[in-house]
DNA sequence: CGCGCGTCGTTAAACGCTTAACTATCAGGA
DNA sequence: TCCTGATAGTTAAGCGTTTAACGACGCGCG
């Protein structure tokens, strides 16, 4: 591959001049500009980014970090959506995207990730950082690598969705339909800050309606559709009086729907099911799933914009995105019984 | 961030020695090893990858290229799955993943991508390269950047799934059920080699059964679920005698299912629908979708392994992966009528 | 006429690492 | 004793950029 030097030779000038022309740094004549451009053209020269990175200390690469915790990273439709947002912002600005999926153990992220972080290979980081066990951004902060968290990280720049509001809205909706026997399908507490907030939101709404939230039947799934189906079965077998199921993500809600169909339980006539996330398949489920849209795309976009502000030396403000209740057809008033 | 030099100073040796110790190049004593390691430890030293890249000409980064054609890149569940495969192989070997989503115009990929390609920033490329308009790997070949295509690129190292076999299997299955009035939902020809092959497969099977394939009603969708629904409507309104719909991807098949449900057409009793891809939501559709599994995960894995072989200077063999017919519940024999 | 300044271009150092070439030391064999 | 060769470590060049520092030139102005 041709180098700056070869271009310089060909154009009959020094490398410094070529560099100036290419970076549009003042003080070169139109004539030399022409010569240089011509040489660049003929050789098909393109700068070596590694060299540039070394010299400038900037790589134009930002790292996207999806730690590998409860789930294979890319099975979560939200991740995909976030990535889409990040990607859009980056490519708009001519930045490249380095994907990192560190293992996250209690003592911190894995060595591979740390090497990347300290390598000078990325100008900044956008990280899904939302679990209590350990923060992937902690080491970044220690090394002064600009970073934005998607999640609940009060000590960092962050963006997250208003999960409390979302949870509350969801519960208010169910209560408003008239349900009182409500089962909750959640995940193990302490796995994820967002879900903890959603639960808190449910609780707020429940207690505002005079229900004792702690007495509502709850069960812990593992995020997946299959686990949702299983949880629905267990919950309904143990508490046949349940008329509504609030699931803390859409995949588990879809699982619940799946179970209901197999068990011959009509949704929403005999059982209401609501989810959380508004993943794309929620819309086409049978029946279409009532859920909370948490704007994953926007999450990715915002985080990336904030990172760019950081890179531009301006202090970004952390953001909390509002959620929206998406009413479809999987929930209805309970049939009056007994 | 600490540099090699600082480590060397602290350990009281030369940078060359430190470098040797760290890369385990022969000829240093246990004593110096200890000193060096201690210094590394205390300073928290980690190599600057840009410098290393410049010096060695290797970055340990491979580029994953998903050109941006008919669709926003990450909306296709297959892309996600392929990415998962690539990611797994890479992180196993300590490689990092750079994501590139070039715009693909007739005259070739965009400048941003070319810059990346020529930058020396990636050691190799795995590319979804499967469209007739232009190849993203063409410029890679021109620059001698090792690359593997996922798709039909006979001039390159490639891996693709046996779409002809898949299409044929799908059609044989439908014919075997007894259908003769079969509608085909495809995409604009020339958009995608794989789909062209699938169609060829359908045709092979149809003609083996004595059907004139060209006379079967066909319509072109745009990959998406919504377009599938629309196509199903059009096709069925124009050709009410159709008893089965063969869709060239699952999303359009899901759309067809969606339309059928709305229109009150019972699947599979009154209409059989089959898809292609076996995306995860196919399994949970109502009714569960009969489709062809094309092993997207494996596609990503294989391509990456081939790339690593290439990087190891060994000539990889291109691969064609077999497909598998996944029989679920969206297709059944036609009701004998008239 | 001479000085200063704006313009255009060059030289060379620096970024942090790898590695070929080199020096020094020491043990063992002839 | 001397030579050889293995071992241990150093020096310095090189990877391809950027950029600070510097020189040369010409022009306008006092």
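Protein chains in written order, with my numbering: chain A, 139 to 476; chain B, 139 to 476.
We put the CB at the ideal spot given by N, CA and C, even for glycine.
Here the structure is a predicted model, which is why all the values come from computation and not from measurement.
Residue i burial status per 10 Å Cβ neighbour count (16 or more: buried)
i: residue 173 of chain A; result: buried
i: residue 473 of chain B; result: exposed
i: residue 314 of chain A; result: exposed
i: residue 465 of chain A; result: exposed
i: residue 165 of chain B; result: exposed
i: residue 451 of chain B; result: exposed
i: residue 340 of chain B; result: buried
i: residue 230 of chain B; result: exposed
i: residue 243 of chain B; result: exposed
i: residue 190 of chain A; result: buried
i: residue 379 of chain B; result: exposed
i: residue 273 of chain A; result: buried
i: residue 262 of chain A; result: buried
i: residue 168 of chain B; result: exposed
i: residue 293 of chain A; result: exposed
i: residue 284 of chain A; result: buried
i: residue 271 of chain A; result: exposed
i: residue 476 of chain B; result: Model confidence at residue 476 of chain B stands at a pLDDT of 43, short of 50, so the residue's coordinates are unreliable; what they give is reported in the following sentence. Exposed is the call here.
i: residue 176 of chain B; result: exposed
Coarse secondary structure for residue i, derived from DSSP in three states
i: residue 312 of chain B; result: helix
i: residue 263 of chain A; result: strand
i: residue 140 of chain B; result: coil
i: residue 273 of chain B; result: coil
i: residue 247 of chain B; result: strand
i: residue 223 of chain A; result: helix
i: residue 476 of chain B; result: Residue placement at residue 476 of chain B is poorly supported in this model, since its pLDDT is 43, which falls under 50; the coordinates still yield a value, given next. Three-state result, residue 476 of chain B: coil.
i: residue 295 of chain B; result: strand
i: residue 165 of chain A; result: coil
i: residue 470 of chain A; result: coil
i: residue 324 of chain B; result: strand
i: residue 331 of chain B; result: helix
i: residue 283 of chain B; result: coil
i: residue 257 of chain B; result: coil
i: residue 157 of chain B; result: helix
i: residue 238 of chain A; result: strand
C-beta contact flag for residue i and residue j at 8 Å
i: residue 413 of chain B; j: residue 391 of chain B; result: yes
i: residue 448 of chain B; j: residue 259 of chain B; result: no
i: residue 254 of chain A; j: residue 201 of chain A; result: yes
i: residue 442 of chain A; j: residue 159 of chain A; result: no
i: residue 460 of chain A; j: residue 444 of chain A; result: no
i: residue 266 of chain A; j: residue 204 of chain A; result: yes
i: residue 250 of chain A; j: residue 199 of chain A; result: no
i: residue 298 of chain A; j: residue 289 of chain A; result: yes
i: residue 364 of chain B; j: residue 393 of chain B; result: yes
i: residue 359 of chain B; j: residue 336 of chain B; result: no
i: residue 456 of chain A; j: residue 428 of chain A; result: no
i: residue 212 of chain B; j: residue 222 of chain A; result: yes
i: residue 409 of chain B; j: residue 417 of chain B; result: no
i: residue 319 of chain B; j: residue 372 of chain B; result: no
i: residue 386 of chain A; j: residue 343 of chain A; result: no
i: residue 257 of chain B; j: residue 184 of chain A; result: yes
i: residue 332 of chain A; j: residue 268 of chain A; result: yes
Open item on the list: At 3 residues or longer, what runs of the beta strand (DSSP E) sit wholly inside the segment 404-467 of chain A?
Closed with: Complete beta strand (DSSP E) runs here, min 3: 410-412, 429-431, 457-459, 462-464.
Task: Against chain B: residues of the segment 215-239 of chain A by CB proximity under 8 Å - done: Under the 8 Å Cβ criterion, the segment 215-239 of chain A contributes 218, 219, 221, 222, 225, 229, 232, 234, 235, 236, 237, 238, 239.
Task: Completely contained beta strand (DSSP E) runs for the segment 340-398 of chain A, where each covers 3 or more residues - done: Here the runs fully enclosed are 356-359, 382-385.
Task: Contact set between the segment 171-185 of chain A and chain B, restricted to residues whose Cβ is under 9 Å from the partner - done: Shown in chain order are the members of the segment 171-185 of chain A whose Cβ falls below 9 Å from a Cβ of chain B: 182, 183, 184, 185.
TODO: Taking only runs that begin and end inside the segment 181-219 of chain B, name each unbroken beta strand (DSSP E) of 3 or more residues, in chain order.
DONE: Scanning the segment 181-219 of chain B from its first residue to its last, the whole beta strand (DSSP E) runs of 3-plus residues come out as 199-203.
Open item on the list: Give me the subset of the segment 387-411 of chain B whose CB atoms are less than 9 Å from a CB atom of chain A, sorted by chain position.
Closed with: Result list: 392, 393, 395, 396, 399.
Open item on the list: Closer than 7 Å between beta carbons: that is the criterion. Which residues of the segment 411-438 of chain B meet it against chain A?
Closed with: For the segment 411-438 of chain B, which is checked against every Cβ of chain A, the residues closer than 7 Å are 419, 422, 424.
Open item on the list: Using a Cβ-Cβ cutoff of 8 Å, what residues of the segment 279-298 of chain B are near chain A? List them in chain order.
Closed with: The residues in question are 281.
- [ ] Using a Cβ-Cβ cut-off of less than 7 Å, give me the residues of the segment 143-164 of chain A that come near chain B, in sequence order.
- [x] For chain B, none of the residues of the segment 143-164 of chain A brings a beta carbon within less than 7 Å of one of its beta carbons.
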